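Protein chains in written order, with our numbering: chain A, 1 to 537; chain B, 538 to 631; chain C, 632 to 831.
I have placed the structure first, in the form of C-alpha cells, so that the comments after it can refer back to it.
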Amino acid sequence: MSDMQPTAPSFWNDTGKTGLTSWIFSTDHKRIGLLYFYTTISFFLVGVVLGLLLRIELMAPGRTIMGAQTYNALFTVHGVVMIFLFIIPGIPGAFGNMVMPIQVGARDVSFPRLNLLSWWLYIIGAVIILVSLFSGGGAPDTGWTFYVPFSSRTGTNVSLAVFGVFIVGFSSILTGVNFVTTIHRLRAEGMTWSRIPLFTWSLYATAWVQILATPILAITLVLVMAERVLGTGLFDPTRGGDPVMYQHLFWIYSHPAVYIMILPAMGIVSDIIPVFSRKPIFGYKMIAFSSLAIAAAGSLVWGHHMFTSGMSDTAVVVFSFLTFIVAIPSAIKVFNWISTLYKGSISLEAPMLFALSFILLFSIGGLSGLILGAAATDVHVHDTHFVVGHFHYVMFGGTGFAIFAAMHYWLPKFYGRRYKEKPAIVAWALMFTGFNILYFTMQVLGMKGMPRRYYDYLPEFGPLNLVATIGSWILAAGLILMLVNLFRGLFRGEPFDGNPWGGATLEWSVATPPPTENFEGEPVVTHGPYDFSGVKK
Amino acid sequence: MDQHQPHIVSNTKLIGIWLALLVLTALTVAITRVELGGYKVVGALTVACAKAGLVIAVFMHMKYEGVLLRWLLFLTLVTLAIFIGFTFFDVLYR
Amino acid sequence: MSGHEHRDDYGAKLGMWLFLFTELLLFGGLFLLYAVYLKRYPHEFASGGKQLNWVLGSINTVILLTSSLAAAMAVTSIQRGEARRTVALLGGTILCAGGFMVIKYVEWSAKFGHGIYPGSEHLKAGPPGESVFFSLYFLSTGIHGLHVVIGAILLGWIALKVRGGELNAGNNILLENGALYWHLVDLIWIFIFPLYYLIL
Ligand code: HEM
Ligand SMILES: [Cu+2]
Chain A
1 MSDMQPTAPS FWNDTGKTGL TSWIFSTDHK RIGLLYFYTT ISFFLVGVVL
51 GLLLRIELMA PGRTIMGAQT YNALFTVHGV VMIFLFIIPG IPGAFGNMVM
101 PIQVGARDVS FPRLNLLSWW LYIIGAVIIL VSLFSGGGAP DTGWTFYVPF
151 SSRTGTNVSL AVFGVFIVGF SSILTGVNFV TTIHRLRAEG MTWSRIPLFT
201 WSLYATAWVQ ILATPILAIT LVLVMAERVL GTGLFDPTRG GDPVMYQHLF
251 WIYSHPAVYI MILPAMGIVS DIIPVFSRKP IFGYKMIAFS SLAIAAAGSL
301 VWGHHMFTSG MSDTAVVVFS FLTFIVAIPS AIKVFNWIST LYKGSISLEA
351 PMLFALSFIL LFSIGGLSGL ILGAAATDVH VHDTHFVVGH FHYVMFGGTG
401 FAIFAAMHYW LPKFYGRRYK EKPAIVAWAL MFTGFNILYF TMQVLGMKGM
451 PRRYYDYLPE FGPLNLVATI GSWILAAGLI LMLVNLFRGL FRGEPFDGNP
501 WGGATLEWSV ATPPPTENFE GEPVVTHGPY DFSGVKK
Chain B
538 MDQHQPHIVS NTKLIGIWLA LLVLTALTVA ITRVELGGYK VVGALTVACA
588 KAGLVIAVFM HMKYEGVLLR WLLFLTLVTL AIFIGFTFFD VLYR
Chain C
632 MSGHEHRDDY GAKLGMWLFL FTELLLFGGL FLLYAVYLKR YPHEFASGGK
682 QLNWVLGSIN TVILLTSSLA AAMAVTSIQR GEARRTVALL GGTILCAGGF
732 MVIKYVEWSA KFGHGIYPGS EHLKAGPPGE SVFFSLYFLS TGIHGLHVVI
782 GAILLGWIAL KVRGGELNAG NNILLENGAL YWHLVDLIWI FIFPLYYLIL
C-alpha cells in the first residue's frame, strides 16, 4: 500500500521501513491504529455479509435459504464478530490509537510494545474464533451471549469460541491500561485536563470501563469453559448451581461493554460537531463529565437485561429505576450537541452528515432503550425483534455511523489524500434511508410480537419482513459506495496539505500525513480544543 | 501527585509488618476455631482486610505513593463492592 | 525510531497498578459467586470447609507472607544498590513459591484420592451445595496457583536481569512492578485462606 503514498516524509516512510513486517511489528501508534482499522473493518464486512444472509432468510416465511441450525449458527457468529471483533476494539483500537496520542501532544502511547501486543492478541483471538467455526462440533449456536444451560450442553464448538473471546478480552484490557496511563502521563505542556479534546475524554472514560469490566467477562468465560470441560456444575441447577448467576456475571461486563462501544462514538461526534459549526462546543465540562458519569452509572444497571430471567422482583425494580438514571448524562450530551449547532455556521460535509445522523439514530435507539429499561414494558417486547432493532439503532446507527464519520474526518489526514465529496453524500443518503427502513421495520415487527433468533415466523409478519430485507439491500448498496469512494480517495485521490476542516485540536496542527514522531520538538498548548479563532481552513 | 521520589522502606519496618501479618494470621485461625456462628465470617474477613491493608500500604508502597493511586484503588474496590452488592438485590430477595 | 529515550517510572507503575486492578476484578468474579452460594448453602459450605486441611492452609499462608516479605526486601535492597542480596531475596521468594505449590499439590491429590474433584461421581451423589463449594475451591485455588507459577517465572526472569546488571539502583521499575504482582498473589490468598479453610 505504501507505494501510493505521498513522497513527503511521514510515518509511512520516514523510518525507511515500509515492508509488511515493518507494519505488523511496528510500535508506532499510527501504524497500529491502521492495523486495527483494517482488521476491524474487515470483520465488520464479514459481519455485514452474515447479517444480509440472515435478512434473506427472513425475507419470506418458512425456509428461504437455510434451515434452523444454520440460522442459529449464523446469528451467533454475526453477533460475536460484530461485538467482539468489530465494535469493541473498533474505535479505541483504530481511531483511539491513531488520534489520541497526537491529541494530547505525545509522541506515542505510554507502552508502545504492549500496544502492539494488544493488536496481536486481538488477531490471535480472532483466529481462534474463526477456527472454532470449522472445527469440533461446528459453529456455536448459542447467540453471542453464550447463555447457560444451553451453552454448557450444546455439542457445537462453544469452548474454543469462548476461549477466542477471552483472548480478545485481554487485548481490550491492554488498550485500556495503555490509554489511562498515556492520558495521565504524556500530556504535553499546557494540555490541562480542561483542554483535552472530548474524543480523548471519552476514550479515558472508556478505558476505565475496559479495565474494570473486562476481567469479569474473562472469568465468566473461564467458568463456561470449566463447565463444559471439567463439569464444575456451578451453573447447573441439578448440582446446586444457578444459571441466573451466569446472566449476572455476563451482564456485569456486557452492559458496561455497551459503553465501551458508545462512549468513544460520542467522543467522535463531540469533536466533529463544533468543527463543522465553527463554534466552540457548548458545555465542554458537562460533556466531559457526562462521559465519566455514563461510565459510572453504566456499572449499576446490568440487571435490566434480566427482567424475565426469574431474578427477584426487588432486583427488577432497583435495576429498572437505575437504568433511567443513565438516560440523564446521555441526554446531557444530546442537548449540548444541539446547542452547539444553534446559530453555528454549519457546513454539511460528509463527516458532519454522519455525525448528525448519529445524534438522530442514537436518540431513537436510546429512547427505545427506555421502553426496554422499564420492567413493565420490557416484559412484552423482551426477546423480540424490537430488541434487535433497538440495539442496531444504538450500535450500528450510533457507533457504526460515528465510525463512518471518523473515517471521513480523520483518515484523509493520515493518507494525505482526499475522497470525493459528492459520492460520499450519496452513499450517506442511501445508508441512512436503508438503515431506517431495515431497523425501524424490525422494531415494528417486534412490537407486533415477532420473536428474535428464529429462522421462521408466522405468515402475517411476511410483508414487513420483506420491507426490512429490501432496506438491508439499500443499506448495503450505500455501504459499498461509501467504501469504494473513500478508499479510492485515500489511495488515488487529490493530495492535500494542512487542515481541510479547520479543526483546532492538535492532530490538525501536525504535518499531513504526520511524521513518525508526530511533532517537531515538544508541543506547547496555549488554547482550548474548540477555540477556532485564528484557525484557517 | 506528579514526580515520584523512590522511597526506600527499611528492612526493620518490613520485618515488623511481616510479624504483624503472622500475628494476624494466628488470630484468624484462633477466632475461627471457637464457635461464633455468623460472627466468624465477619471476624475472619475483618482480619483479612487488615492484613490486606498492611500489605498494600507497606509492602506495595501505597503509603508512599501520591493520592492518585490511592483514589484509583479506592475506585476499583468500590466497583467490586458494587458488583457483589448489587447482585444481592437479586439473591437476598428471591 | 525514537532517538529520545524517555523513561517514565511513575507511568510504568501506574500501568502496573491498573493491571493489578484487572486481576482483582478477575478474582472478584469468583468471590462474587462465593458470596452468593455461601448465602444459599451455609451448611454445605461449612461441611465442605471442614474437609479442607486448615493446618496445611495456615502453613501455606505463612509461606506466602514470607515470600512477600522477601519480595519487598528485594525492592529495598536494589534501591540501595545491593545486587547480590536482591538476587538472593528473589531466590527466596521463588523458593517459597515452590513450597507453596508442593503443599497445594499434596492437598489436591488428597482430595482427588477421596474422589473429590470437579464433576466427580462422589460430588454428584452428595448434596448440591457441596459440589458448588468444591468446584469454587478448585477454581479459585487453581487460578491462584497459576498466578503463583506465573509470578515465580516473572521474578526469576527479573532476578536474571538484576544479576546481569541490567536492573540496578537507578533503574529498577521492572523489579518494583514484579514485586507488586507478587504481592497481589499474596493479597488474593489472604482472602482465599479464611473464606475456604477457616470460616466454616
Ligand atoms: C447490514 C448490516 C446488518 C444486518 C443486515 C444485520 C442483521 C441482523 C439480524 C437480522 C439479526 C437478528 C437475528 C435474529 O435474532 O433472528 C441481527 C442480530 C444481531 N446483530 Fe446485526 N445486522 C447488521 C449489522 C450489525 C452491526 C453493525 C452490529 C454491531 C455493531 C450488529 C450486531 C448484532 C447483534 C449483537 C445481534 C444479536 C445476535 C444474537 O442474537 O446473538 N449487527 N443482525
Ligand atoms: Cu444494558
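Yeah, the Cβ is synthetic: ideal placement off N, Cα and C, and Gly gets one too.
Since the model is a prediction, treat every value here as computed from it, not as a measurement.
Comparing the C-beta of serine 678 of chain C with each C-beta of chain A, is any distance below 7 angstroms? In the third sequence, the residue the question calls residue 678 of chain C occupies position 47. For serine 678 of chain C, not one C-beta of chain A is nearer than 7 angstroms to its own C-beta.
Under 6 angstroms: does the beta carbon of isoleucine 83 of chain A sit that close to some heavy atom of ligand 1? Walking along the first sequence from the start, residue 83 of chain A turns up at place 83. Yes, ligand 1 has a heavy atom inside 6 angstroms of this Cβ.
Listing by chain order, which chain C residues have their CB less than 7 angstroms from the CB of lysine 577 of chain B? For the purposes of this step, residue 577 of chain B is identified with residue 40 of the second sequence, where counting begins at 1. Here the neighbours are Ile830.
On the DSSP bridge list, what partners appear for glutamate 189 of chain A? Your numbering for residue 189 of chain A matches position 189 in the first sequence. DSSP, once it has assigned bridges, lists A:Val524 as partnering glutamate 189 of chain A.
By the 10 Å Cβ neighbour count, where 16 or more other Cβ atoms means buried, how is histidine 775 of chain C classified, buried or exposed? On the third sequence, residue 775 of chain C is found 144 positions in, with the first residue counted as 1. Classification for histidine 775 of chain C: buried.
Is threonine 384 of chain A buried or exposed, if buried means 16 or more other CB atoms sit within 10 Å of its CB? The residue labelled residue 384 of chain A in the question sits at position 384 within the first sequence. Buried, since its Cβ has 16 or more Cβ neighbours within 10 Å.
Which chain B residues sit within Cβ distance under 9 angstroms of phenylalanine 731 of chain C? Along the third sequence, one-based indexing puts residue 731 of chain C at 100. Result: empty, since nearest Cβ-Cβ is about 14 angstroms, beyond 9 angstroms.
Beta-carbon within less than 6 angstroms of histidine 847 of chain C's beta-carbon, same chain only, minus the 5 sequence neighbours each way: which residues are those? As displayed, chain C neither begins before 632 nor continues past 831, which places residue 847 of chain C out of reach and without an answer.
At 4 residues or longer, and completely inside the stretch 363-446 of chain A: list those alpha helix (DSSP H) runs for me, N to C. Entirely contained in the stretch 363-446 of chain A, the alpha helix (DSSP H) runs reaching 4 residues are, in chain order, 375-381, 385-392 and 401-415.
Shell residues, 6 angstroms Cβ cut-off relative to heavy atoms of ligand 2: Listed by chain position, these are A:His255, A:Val258, A:His304 and A:His305.
Distance cut-off 6 angstroms: leucine 372 of chain A Cβ against heavy atoms of ligand 1: Mapped onto the first sequence, residue 372 of chain A falls at position 372. For ligand 1, not one heavy atom lies less than 6 angstroms from the Cβ of leucine 372 of chain A.
Which residues in chain C have a C-beta closer than 7 angstroms to the C-beta of valine 46 of chain A? List them in chain order. For the purposes of this step, residue 46 of chain A is taken as the residue at position 46 of the first sequence. Neighbours of valine 46 of chain A on chain C: none; closest Cβ ~29 angstroms, over 7 angstroms.
Kindly indicate the opening and closing residues of the alpha helix (DSSP H) around serine 689 of chain C. Taking the third sequence and counting its residues from 1, the one referred to as residue 689 of chain C is at position 58. Counted as a single uninterrupted DSSP element, the alpha helix (DSSP H) harbouring serine 689 of chain C occupies residues 685-710.
Within 10 angstroms of the Cβ of threonine 526 of chain A, are there 16 or more other Cβ atoms? Answer buried if so, exposed if not. Reading the first sequence from its first residue, position 526 is the one you call residue 526 of chain A. It counts as exposed.
In the DSSP assignment, what are the bridge partners of asparagine 799 of chain C? Indexing the third sequence from 1 puts residue 799 of chain C at position 168. DSSP lists C:Asn802 as partners of asparagine 799 of chain C.
So that I know if they touch, is there some Cβ in chain B lying closer than 7 angstroms to that of leucine 212 of chain A? Within the first sequence, numbered from 1, the residue matching residue 212 of chain A stands at position 212. Chain B contact via Cβ: present.
Using C-beta distances below 6 angstroms, list every residue in its chain close to proline 412 of chain A, excluding the 5 sequence neighbours before and after it, in chain order. Sequence index remark: in the first sequence, residue 412 of chain A carries index 412 (1-based). Excluding sequence neighbours, proline 412 of chain A sits near Arg418.
Shortest alpha-carbon distance to valine 180 of chain A belongs to which of A:Ile325, A:Pro495, A:Arg452 and A:Tyr204? Working through the first sequence from its first residue, we reach residue 180 of chain A at position 180. Comparing Cα-Cα distances from valine 180 of chain A to each of A:Ile325, A:Pro495, A:Arg452 and A:Tyr204, the minimum goes to A:Tyr204.
Starting from arginine 31 of chain A, trace the alpha helix (DSSP H) both ways and give me its first and last residue. For the purposes of this step, residue 31 of chain A is identified with residue 31 of the first sequence, where counting begins at 1. DSSP places arginine 31 of chain A in the uninterrupted alpha helix (DSSP H) bounded by 29-57.
When you compare the stretch 182-200 of chain A with the stretch 97-112 of chain A, are there three or more beta-carbon pairs, one atom per stretch, that lie closer than 8 angstroms? A contact between stretches requires three or more CB pairs, one per stretch, nearer than 8 angstroms, and the stretch 182-200 of chain A meets this requirement with the stretch 97-112 of chain A.
Are alanine 375 of chain A and phenylalanine 321 of chain A closer than 7 angstroms when you measure CB to CB? Working through the first sequence from its first residue, we reach residue 375 of chain A at position 375. Working through the first sequence from its first residue, we reach residue 321 of chain A at position 321. Alanine 375 of chain A is not a Cβ neighbour of phenylalanine 321 of chain A, given a cutoff of 7 angstroms.
So, helix, strand or coil for proline 451 of chain A, using DSSP? Here residue 451 of chain A is taken as the residue at index 451 of the first sequence, counted from 1. If DSSP states are grouped into helix, strand and coil, proline 451 of chain A belongs with the strands.
Which partner residues of proline 495 of chain A appear in the DSSP bridge assignment? Walking along the first sequence from the start, residue 495 of chain A turns up at place 495. When beta bridges are read from the DSSP output, proline 495 of chain A appears opposite A:Arg417.
CB contact below 7 angstroms: tyrosine 601 of chain B versus chain C: The residue given as residue 601 of chain B occupies position 64 in the second sequence. Not an interface residue.
Going by beta carbon distance, what residues of the same chain come within less than 8 angstroms of leucine 573 of chain B, once the five residues before and after it are set aside? Translated into the one-based positions of the second sequence, residue 573 of chain B becomes position 36. Only Gly580 meet the Cβ criterion.
Under 8 angstroms Cβ-Cβ, which residues of chain C neighbour histidine 184 of chain A? As a position in the first sequence, residue 184 of chain A is number 184, starting the count at 1. For histidine 184 of chain A, the residues of chain C that pass the 8 angstroms Cβ criterion are Gly642 and Leu645, in the order they occur in the chain.
Contact test: serine 472 of chain A Cβ vs ligand 1 heavy atom, cutoff 6 angstroms: Residue mapping note: residue 472 of chain A aligns to position 472 of the first sequence, counting from 1. For serine 472 of chain A, the shortest separation between its Cβ and any heavy atom of ligand 1 lies below 6 angstroms.
Are there three or more Cβ pairs, one per stretch, closer than 8 angstroms when the stretch 792-808 of chain C is compared with the stretch 679-695 of chain C? With the cut-off at 8 angstroms, the stretch 792-808 of chain C and the stretch 679-695 of chain C do not touch.
Sequence ranges, alpha helix (DSSP H) only - wholly within the stretch 748-776 of chain C, length at least 4: Segments of the alpha helix (DSSP H) lying fully in the stretch 748-776 of chain C: 752-756.
Would the stretch 464-478 of chain A and the stretch 424-441 of chain A be scored as touching if the rule is three or more Cβ pairs under 8 angstroms? As far as the Cβ criterion goes, the stretch 464-478 of chain A touches the stretch 424-441 of chain A, which means the pair count is three or higher.
Given that a residue counts as buried once 16 or more other Cβ atoms are within 10 Å of its Cβ, and exposed if not, what is tryptophan 193 of chain A? Residue 193 of chain A sits at position 193 when you count from the first residue of the first sequence. By the neighbour-count rule (16 or more Cβ atoms within 10 Å), tryptophan 193 of chain A is not buried but exposed.
CB-CB under 6 angstroms to valine 388 of chain A, same chain, minus the five flanking residues each way: which ones, in chain order? To locate residue 388 of chain A, count along the first sequence from 1; it is residue 388. Same-chain partners within the cutoff: Met442 and Arg452.
Along the stretch 734-758 of chain C, what residues have a CB closer than 9 angstroms to any CB found in chain A? Under the 9 angstroms Cβ criterion, the stretch 734-758 of chain C contributes Tyr748, Pro749, Gly750, Ser751, Leu754, Lys755 and Pro758.
Counting C-beta neighbours from all protein chains within 10 Å, is the total for glutamine 210 of chain A 16 or more, i.e. buried, or is it exposed? By one-based count along the first sequence, residue 210 of chain A stands at place 210. Counting Cβ neighbours within 10 Å, glutamine 210 of chain A comes out buried, since at least 16 surround it.
Taking Cβ-Cβ distances shorter than 7 angstroms, what residues in chain B pair up with arginine 711 of chain C? If you number the third sequence from 1, residue 711 of chain C lands on position 80. Within chain B, the residues near arginine 711 of chain C are Ile545.
Segment limits, alpha helix (DSSP H) that includes arginine 228 of chain A: As a first step, residue 228 of chain A must be located in the first sequence, where it is residue number 228. That run of the alpha helix (DSSP H) goes 198-229.
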